[in-house]
Structures are given as structure tokens and as C-alpha cells.
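Worksheet for the structure shown next.
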Ligand SMILES: Cc1cc2nc3c(=O)[nH]c(=O)nc-3n(C[C@H](O)[C@H](O)[C@H](O)COP(=O)(O)OP(=O)(O)OC[C@H]3O[C@@H](n4cnc5c(N)ncnc54)[C@H](O)[C@@H]3O)c2cc1C
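In the working numbering, the protein residues as written are 6 to 288.
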């Protein structure tokens, strides 16, 4: 059992993790990517105190190494679902299940179900995890919508199971895909069906499919922890970075603007100290 489960490996998550360890707590940092793709995309960061002219990728590596030195347990995994039973939080990852006495959400800009019909068909043909759900689509045609190159590995896994995989990348680059996969173009527009998904529509044409897989930087928040209170597009927090759920804190871009590294790191620290207080019973 961990004292603090941190979801997300960007500046907010790493800062929370380091500060949690400085208070001698057992900390797991679970992140879909070893370090945030958003931070890595920053070509040059000039506004972080004392580290001028550094690239986002270099900064990310420094954060990661610092956390390793402090004894943070870093897990490359995606949390699909969080829930609470009595005093314990459970996080279901693609690879493992995690147990902790408190949680810090540092998931970056919250993801939303953006495709028409997506939210309606979750669990009825819409999936965010090929590894978990792929077998349910054996022998069927599916579309795989991906915002990240990480989706290629998942789509390749589906190529072995499904009759046909259409891959719709929403990023530029070379694709490392199984030759059986057909790359398609356009913007995702609509998912529809009756009991289950029967079709997927792009800005260019319609595909008759039994499933739609979606790969984003994170999964929609209302799936991750139903009932988490929002303020507009951000998770609602107090100055202590507490959410409406006792024991769950949030930090970084997911709590709102400005979407900046220094703000994320500062909030990560506050969230960790508040989690430590919570664990001590000073709720
Ligand atoms: C091109 C570019 C340039 C930028 N330049 C600057 C700059 O010069 N200065 C500046 O201050 N800021 C800059 N930024 C913004 C900065 O990168 C962000 O504000 C910062 O990374 C936010 O940190 P975060 O920890 O809140 O979230 P993120 O860095 O977005 O990290 C969140 C992490 O959580 C992971 N995650 C999400 N959901 C889950 C889940 N369910 N399970 C596991 N992991 C999950 C994501 O995959 C991601 O790795 C720039 C951003 C971009 C894109």
C-alpha cells in the first residue's frame, strides 16, 4: 500500500512525488509516458527560474532523475479507473492495480470525450485500452483513433486479433505499423450504432465497424473518477489543492490556467504537503 499515488508524470506529478518523498512517504508515480509528452514538446523553455535556455526534453530528464534519486517508485502505466473503498483508494492500471491512502491527480489538461457519440458508447464498442479489451473485438473491423505515436503499438496488437484495423492518426510522423493495418485520413466526427457501435464517421467518409479505440494523453475525467467536481474545464481545487473528494488532490494544468511548468511544479509541492497533512489526520 502506498501513502500517495500520483497519477501523471509531468512537472506537477514529479514535484509532488519528490516532496512526498522528502516527507518520508511511500510514493508511486504512475504515468502513461515516462515523462510528459507536453513537456518534451517544449523546444526551449526560458521562463523557469534558474534554468534558462533548457529544452523541455532535458528538463523532463532532470525531473525524472531527481525523482529516482529520491526513491520515488515510477511506474509506466495508465490509470483507467480510480475508486475508494473505506479509507483506501484503488487505481486500476493497464498493467497493475495500485492501492494508496491518498491520491494526487497531475494528469495535465483534462481530456474530454470529444467525438460525437463517444461517451454514449463507452463499454459498448468504444474502448481506451486495446490490451484490456482487444479480445472482445476478435474477428471484427475496428477503427483506432490516435493522438500519440504510442497508439501504434496498441494498434499492432489489434492487427493480430481483428479482421481489419483502420488507423486514424491525429499527429504527423512516420508510422511503425503492421502492414495489415490501413492508415486512413480525416478528422474523427461521429460514432454511432444501436445497442453497440456499428459505424464511425470521419470528415472524409464512413466506416462500418464494431469498435472504436481511442488513444489520447489521458482518459476522460468523468471515466477516471466519476463525481470529481469541475470548474469549467478544470478540476476544482482549494488553495491546498484539495478536490471535493477528501484524500484526492490535484495539481498542474488539470487545475486550470496558466498552463505553465513553474505553476505545475508549485502546485505539485502544495498538493504533496496537503496529502501529508491528510495522512496525519489533519483534514
Ligand atoms: C510546445 C509547448 C511548449 C511549451 N513551452 C512552455 C514554456 O516555455 N514554459 C512553460 O512554463 N510551459 C510551457 N509549456 C507548457 C508546459 O509543458 C505544461 O504547462 C506542463 O507540462 C504541465 O505540467 P503537468 O504536470 O500539469 O501536466 P503534463 O506535463 O501534461 O503531464 C501530465 C502527464 O500525465 C499523464 N497522464 C494523463 N492521464 C493519465 C492516466 N490516466 N494515467 C497515467 N498517466 C496519465 C500524461 O500522459 C502526461 O504524461 C509548453 C507546452 C507545449 C506543448
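The beta carbon of each residue, even a glycine, is placed where N, CA and C say it ideally should be. Since the model is a prediction, treat every value here as computed from it, not as a measurement.
Going by DSSP, residue 23 is part of the alpha helix (DSSP H) stretching over 16–27. Remark: C-beta atoms of residue 43 and residue 113 approach each other more closely than 8 Å. When the five nearest sequence neighbours on each side are left out, the beta carbons in the same chain lying within less than 8 Å of the beta carbon of residue 116 are those of 221, 222, 223, 224, 225, 226, in order along the chain. Within 10 angstroms of the beta-carbon of residue 36 lie 16 or more other beta-carbons, which makes it buried. Annotation for residue 52 indicates a beta carbon within 7 Å of some heavy atom of ligand 1. 8 Å or more divides the Cβ of residue 94 from the Cβ of residue 85. Residue 97 has its Cβ no nearer than 7 Å to any heavy atom of ligand 1. Looking at the DSSP output, residue 172 bridges to 149, 188. Scanning its chain for C-beta atoms nearer than 7 Å, with the 5 sequence neighbours on each side dropped, one finds around residue 245 the residues 275, 279, in chain order. In this structure, the alpha-carbon of residue 153 lies about 13 Å from that of residue 133. For ligand 1, a non-hydrogen atom lies closer than 7 Å to the CB of residue 265. Where residue 284 is concerned, the enclosing alpha helix (DSSP H) starts and stops at 266–284. For residue 65, there is no enclosing beta strand (DSSP E); the residue is found in the alpha helix (DSSP H) stretching over 61–74.
When DSSP states are grouped into helix, strand and coil, residue 248 belongs to the coil group. Secondary structure at residue 158: helix, using DSSP grouped into helix, strand and coil. The region 232–243 makes contact with the region 255–270; the number of CB pairs closer than 8 Å reaches 3 or more. The Cβ-Cβ distance between residue 72 and residue 7 does not fall below 8 Å. Annotation: the continuous beta strand (DSSP E) that includes residue 8 extends over 7–12. Counting along the chain, residue 42 sits inside the alpha helix (DSSP H) bounded by residues 42–46. Assigned with DSSP and collapsed to three states, residue 182 falls in coil, not helix or strand. Each of 48, 15, 75 was checked against the Cα of residue 25, and the nearest Cα belongs to 75.
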